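Okay, so the sequence shown: first residue is 3 according to this note's numbering, each after it adds one.
Yeah, the Cβ is synthetic: ideal placement off N, Cα and C, and Gly gets one too.
Fair warning: this is a prediction, and the values are worked out from it, not measured in the lab.
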Amino acid sequence: MSTATGAPVGSNGNDTNGTGERRNPLEFAPKRSEIKLISVRLKEAALDSPSFRTSCNYHATQAEQVEMWIDGLLKSLKKYPQHYTDFSEVNSVLLNQLIPDFLKSTTIDQDNTLSVMDCTKMNLNSLWSTSLKDLALNEAEITAVLTEFTKRHVKPFKEARKSFEFLQTKYDTTLSKYSALSKLKDPSALREDSFQLHEVRKAYIAASLEICQETAKFLETLDSTLMQLSEIMFKGRSTFDERYYLRVQSWSQALSKSIDLLLEDMKNSRATIEKSTIAQFEPSRDIKDHNPANINPATLTKPVPGTPSSFEKHGWLYMKTTVGKPARTIWVRRWVFVKSGIFGMLVISPSKTFVQETDKVGVLLANVRYAADEDRRFCFEIKTIDFTIMLQAETLKELKEWLYVFSEEKKRAIESSNSESGKYAFGRYPPLLYEFACTSLTSTDQELTTSRAENANNDDDTYTTVTSSHLATLVGQKSDEHDFSFANSDSSEFRNPDLNTPIATARSKLALVSHAFLDPTVVPTAVTANIWGSVNWGMYYMDETLMSRARSTKNTNNITSLAKKTQYPSYYPPHLINYDLQLKSLFDASAEPDELVVIHFACLWTLNNVQELAGCAFITTKNAYFYMNSTGFVSLLKRPLEYFVAVDVTSEKLWDWIKVYNINGLSMKGRIFLTDGKIIQKKFDMLINNMAEAKPLPEHELIPLLESIEAKETLSGEKLDRHQSKRHKEKSPSPRVDDELSTFQPFSGFNVGGHRMRTNFRDEYDLNEVVEFDAPAKAVFHIIYGEYSTLAKDTVFLASADEFKSSPWHPDGNVIRRDVDYKLSLSNGVLKGDGYIPGRLVQTIEEMVDSKYYRIEEEKKILFSGDKFRWLRKIVIIATDAKSCKVLYYSKVAHKKKRSSFFLRQIFGKSIRHFQRVETQTQINIVKNRVKKLGTHGQVLKAIRTYGHLSQSDEPYKNQEEVLFHLTIIVLFKYYTKTGLYLLTGFIMNIFALVGHLLTKLFVSLSMNWFLLLLLTGSVGFNLFLVGRSTFSYWKERRHEHVVKSLRSELELTRLQRSISLSDMDVLTQLNYNTTTPCFGKFMSSQVIDQKSSAVDSKLREKRHEIAVKRNDLVVELKILEQVEKELIVGNFRNFVLAEINMCKISLDEMGVENDELEIYCSSCIDDYKNIAAGLF
């Protein structure tokens, strides 16, 4: 699966392409989104990164806690029946003692007090009865579910985890022993040890990938079990929401089906990753690569053959350090990275459940060299003013790669030292948050981890101070070492994030909250490692165009300071802050820093006909971000809202379908289960429509509108009475909101004329056409008059497409106008001397009620024989319903002179009206085709984005110099001559078409009986023809037969047969003339020279060649006959020999005959049989 998008354009409707010309957003619209899945867990498992190890440990801890929770719950369930019975009895006793008998006497008021007491008792009895019913539990069913889960899933997961831990410990021990081997050991033995380590690593890689699958299965079954448990606990209660739990159940089933399919994909991905990882770590068979004595330090920084050049590297290295008192030297593994001119380390926390980090240091502060004097193999030293660390690579190839990357990053940092990113290579940067700082007790880790650092800029004397802070302090809580507690209130800014991160550790949710204070960075940090892994895989696989745009506008190495506590605006709802932090965490540098999430919903995105992927959407006022994560498969998508045109939601009983459309059609499709899809649709549509406006509403105006949608739907769902609804509206702090919601559509930008919405102008104009279109009135209006629309150029009668220019719309009192200048070509070059005649079309929008009614007048001025004509056309577009409209075309010809020639009015007015009808019909046909291309979804937005807004100008309309179309006799002559030629050509073509049509119609109009009769007649005629041919051939053969018989009877022919044996061949083939004479020899060997004899010689050669060919054929036939005769003789002779050999055995062996001749004869029989068997006979 892959993504393909175009470069996003701006959202203000005034984008240019760099040359001052406006761009059409349709050119950059993406095709249907293709999903690119990233197997984050498997990738991290293949790397054996700190994130993978801590995630595995965290899940193991969680599994143990789940098991302990289930055990405690089962124990409590065993005690629950007795406690329930005791509580029921206490309630019964209390109710019975509420009104004692002595109070029923005349001691109290019998009319009022006693009645109130009875009512109280009755209500309490009803309340407690309902409560007792709700508190009743089906302990057996709950116990069965929990016991089954423990038996079938918890224990198998623990067994898989135990096997994984065994192989992990074995691998770590083997690797530690191998790395500790001295460089003085025999290279062949070192090579043998490396292959033993490789075998252990292969088993560990397989176990790592296997534990990923087992973890995914365990988490999926845990979710299903908890959902099932929730339904059991609440089913049948007074507060049980059956519809909600049906949707929950449907969501659980759909999610399980999706995960089952993904687990199959995980197996395929696992096989691919396992194979490539094992191949990557396969040891070298060259003995030189295992001999440290052959290392030349001068060649270590050169590129490694067969390895792609890179400016970053991540991986495990052994680090030399000391621990304890007295200090003892040990080597520990650390995950080291070099990227963007900075190197640092990621460390597994002491609890082994999350990732920590050390300081990050610029590469220009460090001196890196090969440590040849170290006893261990493949060591190199990093030395700065503050510290010196010794690191060890596993192989010579890794050593070269690390030294090469350091060298290249230094060169690149020096070359770009004046840039913002290059300055970071000169500093040291401690962890910005104490919660993620390294807490290891080794001396080198403590030396590498600080809480404060001062850095001097390389180009001036200023200093930058970087200081670590406690996240709790930033949030506003009291700092307590590394502990942090989330607020439980929904109104709090920092609640417990409800997000499935790609990598789950003990500090994943804390890392999400940290993004409220951290700027985006591409440098690996502990915060990123607890969310994504060793690197931010999402950014590696995001759309390259979007990422390049993000990197070009942002500083991606923001690791020097913490932002102040994020101050969300007062109008921003607190319940969305958590989702905004999640967006910034997941999309990092790709998310715009000034964007705020205004819509969030979870759903199952449909990838294809059979596969769905769980995920969520974060919608801002500018972009839509889609995050999908299931069983470790992750995908990120970012789409500007201006690409979308409509959102469609279809409600079903168990879910809501959501379909998101772009210019090209369906873009994304999914199912929403636990959120109201209609609310999502209304909010999403509002944002899309806002982006389509010429002047979109700002964020502070949009958010209250979006929030009011949900509030309005909530009130509607509660079915408040009319009085309560009216009172709520009166108390609303912003009454404008509801009014604006009811008519919220992208506005064209003008308020023109009154609101009379008149459609009948027959008293002034002639009604030419009335056309209905299956599109909203607003869409048709933009198709005709939008900024990108070419309709005027395509429909102005006889206008040249190359000579066409339209001005912006200018206000002119209560109307707006624009001028369209063009040039006319009367005969399109058909007649000689045909030039271009200037013309002008003045378009005036007289009245406009947005989305409902539009009235436009178009005017052309014509001059003929001193009389000015005004060619007028009025177009009225009126909505018939939300998805269709009606367009009325009126026209007339007005004369400036009140008393002009009646003849001129009739002749030339008729020509002008003809021109008008042609233009109108052409426009109708084009609009119909364009409406058809809009499809059925988001027609208004597609029309606006395809054909543009109305290009407006704030300057008032100025009357331009009058451009008159001089209609002369010559002009009409040229036009009608061209028209006549076209008509003549058309007439001739129509004649041919008519003839063909008549023939076709005649053939089609024939009935089946006539057709069969015609076929029968043809068949009879064809049969008669065949009978005649057959009869003629028959009598011809009869005549030939009679002639042959007569000749045979006269000659009395007889048949002769002759047999020839092989012995007769020589006699028959001998020449019957003397061939030994010198003369004949000269004749046979000489070449004829004279021309008279040349013809004879040629004929002789041809005849002899023919005879030779015939001889060859005869010889071949003779050889065949010879072979047949041979086989016949050999077969019979073999039978004869076998019979003779049998007789010899009887005579010599059984009868004991002693005869020398008989023995010789028998020996010859045996020899003949052997020859026959060997094929030598």
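Looking at the structure shown, is residue i part of a helix, part of a strand, or coil, going by DSSP?
i, result
"Thr745", "The predicted position of Thr745 is uncertain, since its pLDDT is 33 and thus under 50; no value can be drawn from it."
"Val524", "coil"
"Asn631", "strand"
"Arg2", "Residue numbering for the chain in the displayed model covers 3 to 1179; residue 2 lies beyond these limits and cannot be assessed."
"His517", "coil"
"Tyr787", "helix"
"Asn664", "strand"
"Gly364", "strand"
"Lys728", "Reliability of the predicted coordinates at Lys728 is poor, the pLDDT of 44 falling under 50, and the value obtained from them is presented with this limitation in mind. It is helical."
"Arg101", "Reading off the sequence, residue 101 comes out as Ile, not Arg. Of the three classes helix, strand and coil, the one that applies to Ile101 here is coil, per DSSP."
"Thr171", "helix"
"Gln1180", "With the chain covering only 3 through 1179, there is no way to say anything about residue 1180."
"Phe646", "strand"
"Ile297", "coil"
"Asn816", "coil"
"Val1155", "coil"
"Asn770", "strand"
"Gly1023", "helix"
"Ser1188", "Outside the displayed range of the chain (3 to 1179) lies residue 1188, so it cannot be described from this structure."
"Ser653", "strand"
"Phe313", "coil"
"Met347", "strand"
"Arg738", "The predicted model places Arg738 with a pLDDT of 36, which falls under 50 and marks its position as unreliable, so this point remains unresolved."
"Met119", "helix"
List the DSSP bridge partners of residue i.
i, result
"Val878", "Arg857 and Leu890"
"His602", "Phe620"
"Leu843", "Val822"
"Trp333", "Lys322"
"Cys381", "Gln394"
"Ser372", "Per the sequence presented here, residue 372 reads as Tyr, with Ser not at that position. Phe382, per the DSSP bridge assignment."
"Glu1111", "It should be pointed out that residue 1111 corresponds to Val in this sequence rather than to Glu. DSSP output for Val1111 lists no bridge partner at all."
"Tyr431", "Lys362"
"Asn625", "Pro642"
"Ile1122", "DSSP lists no partner for Ile1122."
"Asp658", "Ser653 and Ile674"
"Arg872", "Lys863 and Ala896"
"Thr608", "Glu614"
Thinking C-beta only, is residue j closer than 8 Å to residue i?
i, j, result
"Val649", "Ile621", "no"
"Leu401", "Leu514", "no"
"Pro778", "Ala694", "no"
"Trp130", "Asn98", "no"
"Lys160", "Ala65", "yes"
"Met321", "Val334", "yes"
"Leu139", "Ser637", "no"
Between the region 258-276 and the region 164-179, do at least 3 Cβ pairs fall closer than 8 Å? Counting Cβ pairs under 8 Å, fewer than three are found: no touch.
Spell out a yes or no on whether the region 277-295 and the region 158-169 are touching, meaning 3 or more CB-CB pairs, one atom from each, closer than 8 Å. Contact between the region 277-295 and the region 158-169 is absent, because fewer than three Cβ pairs lie under 8 Å.
Taking 8 Å as the threshold, find out whether the region 77-96 comes into contact with the region 238-251 through three or more Cβ pairs. At 8 Å Cβ cutoff, the stretches do not touch.
Three or more beta-carbon pairs under 8 Å between the region 496-512 and the region 629-636, yes or no? Taking 8 Å as the limit for Cβ pairs, the verdict is that the region 629-636 does touch the region 496-512.
Would the region 204-214 count as touching the region 136-155 if we require 3 or more Cβ pairs under 8 Å? The region 204-214 makes no contact with the region 136-155; the number of CB pairs closer than 8 Å stays below 3.
Could you tell me whether the region 440-454 touches the region 359-377, where touching means 3 or more Cβ pairs closer than 8 Å? They touch, by the three-pair rule.
Inter-stretch contact at 8 Å, needing at least 3 Cβ pairs: the region 509-523 / the region 602-618: The region 509-523, when compared against the region 602-618, does not touch it at the 8 Å Cβ threshold.
If we count Cβ pairs, one from each stretch, closer than 8 Å, do we get three or more for the region 846-858 versus the region 770-790? They touch, by the three-pair rule.
Evaluate contact between the region 249-269 and the region 367-379, counting only Cβ atoms and requiring at least three cross-stretch pairs below 8 Å. No: the two stretches stay apart, fewer than three of their Cβ pairs being nearer than 8 Å.
How do the region 405-420 and the region 307-327 stand: do at least 3 beta-carbon pairs fall below 8 Å, yes or no? Short answer: they touch.
With a cut-off of 8 Å, do at least 3 Cβ pairs link the region 1128-1140 to the region 1164-1172? The region 1128-1140 is in contact with the region 1164-1172.
Taking contact to mean 3 or more Cβ pairs, one atom from each stretch, closer than 8 Å, check whether the region 925-936 and the region 786-794 are in contact. The answer is yes - the region 786-794 touches the region 925-936, with three or more Cβ pairs under 8 Å.
Is there contact between the region 433-444 and the region 371-383, where contact requires at least three CB pairs shorter than 8 Å? Two segments are said to touch when three or more pairs of C-beta atoms, one from each, lie closer than 8 Å; by this definition the region 433-444 does not touch the region 371-383.
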